[in-house]
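Below is one structure, written out as structure tokens, with a few remarks after it.
Chains as they are written, first to last, in my numbering: chain A, 4 to 210; chain B, 4 to 210.
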């Protein structure tokens, strides 16, 4: 994933170009959507070209180069935008907050997310840089889940000896796999978040 | 993924060619290993060619065509072989059997499994036929987990209202994601299966 212009080398990879020019929000959205479409269809990140994105979005290549320093920055903006703003837990019930966090990762535009992630997985094995950038997008989201779990331990809702990192994995992996490997209808989409959180909270052992 | 010879069309996709010729186990293993190597490196299933497999395995293309009817059959045999024989639960303790099943999916040659699966995920989105074949390999393994869980419900080790399908997802997805998305060392490899099963059994809620 190379810099596309000499000018680009003077900017950090994840920064958009300087403000000042009027932004065309509609074109931005079409461009970011085009990136996600290409990834969700199974294009590798390496195969996503500025040409293909421009053609899909119906804009000129120059429009893209004016807004993003390079392809890395464009792909990361697309992933970041797909995930939407960070969800905000209400802070009353750990159960309710965990359900909300799982639903936030499964609803609306986030539905494309598991497809895009699936298509990026082979890239992650080959490209540590891309994997690190993706982790940088995911980590603040995992932090929200960590905070909810830690609060639950503090308030006594959750067991004192809870392994927080393992719990984050248990609250995220089944949801991702459910989408990627088509577990519906064996595990129905309807009520999925509630069922998973309740199973996680109460445990499988007979009491 | 097309038939490679006219003769092949008379055989089912997942059958090896008829016995009778002496089998060369060493060449077979080199060929299947070559397929897994190519997939684990990020090749798409579509991009895996008989030529590339032959070159990697150090055999002639004819050696491959003599043993496998087509590329589908070759890839499925490679995936099937990687998973090894079906694990056999001891049947005394549900906890012990679940730990054994998770370890069976993480040890030895199965280590390549999450990489190969990761590289096949984009294909699954594009190719229902390949996804169905992969499911046909996975389903008997999930059945082993289902039987262990059902037995636990019958013996009273597990709660009577356990959602078996959700439980299968909870006992498989975290393990896959742990490898694919590099959760170690946040969740250490050492003791992973035991920690996951115990967290699943006892639940996160304070009692």
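The beta-carbon is built from N, C-alpha and C at its ideal position, and this holds for glycine as well.
- The Cβ atoms of residue 165 of chain A and residue 156 of chain A sit closer than 7 angstroms to each other.
- In this structure, residue 43 of chain A and residue 140 of chain A do not form a Cβ contact; the two beta carbons are roughly 16 angstroms apart against a cut-off of 8 angstroms.
- Residue 189 of chain B: not part of any alpha helix (DSSP H); DSSP gives it neither H nor E.
- Chain-ordered, the chain A residues with CB closer than 9 angstroms to the CB of residue 199 of chain B read 169, 172, 173.
- The Cβ-Cβ distance between residue 176 of chain A and residue 188 of chain B does not fall below 7 angstroms.
- Between residue 159 of chain A and chain B, the shortest Cβ-Cβ separation is below 7 angstroms.
- For residue 179 of chain B, the residues of chain A that pass the 8 angstroms Cβ criterion are 176, 180, in the order they occur in the chain.
- The C-beta separation of residue 159 of chain A from residue 81 of chain B comes to about 51 angstroms, leaving the pair out of contact by the 8 angstroms criterion.
- Bounds of the alpha helix (DSSP H) holding residue 84 of chain B are 74-86.
- In this structure, the beta-carbon distance from residue 45 of chain A to residue 128 of chain B falls below 7 angstroms.
- With a cutoff of 7 angstroms on beta-carbon distance, residue 172 of chain A and residue 137 of chain B are scored as not near each other.
- The three-state secondary structure of residue 48 of chain B, taken from DSSP, is coil.
- A direct Cα-to-Cα measurement between residue 144 of chain B and residue 95 of chain A gives close to 40 angstroms.
- Counting along the chain, the unbroken alpha helix (DSSP H) around residue 99 of chain A starts and ends at 97-107.
- Under the DSSP assignment, residue 137 of chain A falls in the alpha helix (DSSP H) whose first and last residues are 131-158.
- Nearest Cα to residue 126 of chain A within the set A:152, A:37, A:50, A:62: A:50.
- Residue burial is scored here from C-beta neighbours: residue 146 of chain A has fewer than 16 other C-beta atoms within 10 angstroms and is therefore classed as exposed.
- Residue 196 of chain B sits in a helix when the DSSP states are folded into three classes.
- Residue 182 of chain A is not a Cβ neighbour of residue 110 of chain A, given a cutoff of 7 angstroms.
- Secondary-structure assignment with DSSP links residue 208 of chain A through a beta bridge to B:161.
- Out of B:98, B:124, B:153, the CA that lies nearest to the CA of residue 196 of chain B is found in B:98.
- For a Cβ distance threshold of 8 angstroms, nothing in chain B lies close to residue 194 of chain A: the least Cβ distance comes to about 10 angstroms.
- If you draw a straight line from the Cα of residue 154 of chain A to the Cα of residue 32 of chain B, it is about 52 angstroms long.
- Under a 10 Å Cβ-count criterion, residue 75 of chain A is classified as buried, with 16 or more other Cβ atoms of the shown protein chains found around its own Cβ.
- If you look at residue 39 of chain B, you'll find it in the alpha helix (DSSP H) that goes 28-43.
- Annotation: Cβ neighbours of residue 190 of chain B in chain A (cutoff 8 angstroms, chain order): 166, 168, 169, 172.
- Interface residue (Cβ-Cβ distance to chain A less than 7 angstroms): residue 45 of chain B is classified as such.
- As the crow flies, the alpha-carbon of residue 149 of chain A is around 28 angstroms from that of residue 161 of chain B.
- By the neighbour-count criterion, in which a residue is buried when 16 or more other Cβ atoms sit within 10 angstroms of its Cβ, residue 100 of chain B is buried.
- For residue 54 of chain B, the uninterrupted alpha helix (DSSP H) run begins and ends at 53-60, by DSSP.
- Shown here for residue 71 of chain A: same chain residues with a beta carbon closer than 6 angstroms to its own, the five before and five after excluded, namely 77 in chain order.
- The beta-carbon distance between residue 103 of chain B and residue 88 of chain B, rounded to whole angstroms, is 13 angstroms. This is too long to meet the 8 angstroms contact definition.
- For the pair residue 38 of chain A and residue 56 of chain A, the Cα-to-Cα distance works out to about 6 angstroms.
- Approximately 5 angstroms separates the beta-carbon atoms of residue 34 of chain A and residue 60 of chain A; this is inside 8 angstroms, confirming the contact.
- Close partners of residue 85 of chain B in chain A (Cβ separation under 9 angstroms) are lacking, with about 16 angstroms as the shortest Cβ gap.
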